[in-house]
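Residue numbering for the sequence shown follows the numbering used here, beginning at 3 and increasing consecutively. Backbone N, C-alpha and C fix where the C-beta goes; we use that ideal spot for every residue, glycine too.
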Amino acid sequence: MGLFDKVFGKETAASGVLDKQESFLAIALAVSAADGHISQSEVNGIISYLSRMKMFENISGNRMQAMFDNLIGIIRRQGVGPLVNMARASLPTELRQTAFACAVDIALADGVIEQDEQNLLEELQKVLEVPENIALNIIQVMIIKNRG
């Protein structure tokens, strides 16, 4: 591993271990990639969403881009499932419900949850161990939030 790999985050993605921010971003990207494609508008929406979060406030634009590139590379090479599993392994327990809420919010941003997104969200609920009653509350709140 080279010096620049350490700066731009390639070490973590290559080793299969993600940090807290990468894990959170991975969940957001996974729901965007559920249909097999991540559009630039989805990327922009994720960046906008994450930029309002405290845990991303000190992440530079270059670091954010490097994280996107690494995670999208994992999706292309291995698929969404392995990325979600990597993210789950590294995502602190206290952020799992938050990550699920983010994923639901992103899926609902266009006002509709496609079947692929629905399937992935159901899988995320299980993988992230979000209790069903909390998952239902999150979904209801995000539906209300995204009505307008």
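Reduced DSSP secondary structure (H/G/I, E/B, other) of residue i
i, result
"Leu20", "coil"
"Glu13", "Any reading at Glu13 must be qualified, since the residue scores a pLDDT of 40, below 50, and its modelled position is unreliable; the value itself is stated next. Helix."
"Leu110", "helix"
"Gly83", "helix"
"Gly63", "helix"
Delimiting residues of the alpha helix (DSSP H) encompassing residue i
i, result
"Met144", "Glu134 to Lys147"
"Glu44", "Gln42 to Ser53"
"Glu125", "Gln117 to Val129"
Beta-carbon gap between residue i and residue j smaller than 9 Å
i, j, result
"Ala137", "Val82", "no"
"Arg79", "Arg90", "no"
Cut-off 6 Å between Cβ atoms - residues of its own chain near residue i, not counting five sequence neighbours on either side
i, result
"Leu5", "Residue placement at Leu5 is flagged as unreliable, the pLDDT there being 48, under the threshold of 50; the coordinate-derived value follows with that caveat. Excluding positions up to five away in sequence, the list is empty."
"Ile29", "Ala89, Ala101 and Ala105"
"Val143", "none"
Cβ-based neighbour list, residue i, same chain, cut-off 8 Å, excluding 5 preceding and 5 following
i, result
"Asn148", "Asp107, Leu110, Ala111 and Gly113"
"Gln127", "Phe102, Glu134 and Ala137"
Cut-off 7 Å between Cβ atoms - residues of its own chain near residue i, not counting five sequence neighbours on either side
i, result
"Ala16", "Per-residue confidence for Ala16 stands at a pLDDT of 48, beneath the threshold of 50, marking its modelled position as unreliable; no derived number is given."
Checklist entry - Are there three or more Cβ pairs, one per stretch, closer than 8 Å when the region 57-67 is compared with the region 115-130? => result no
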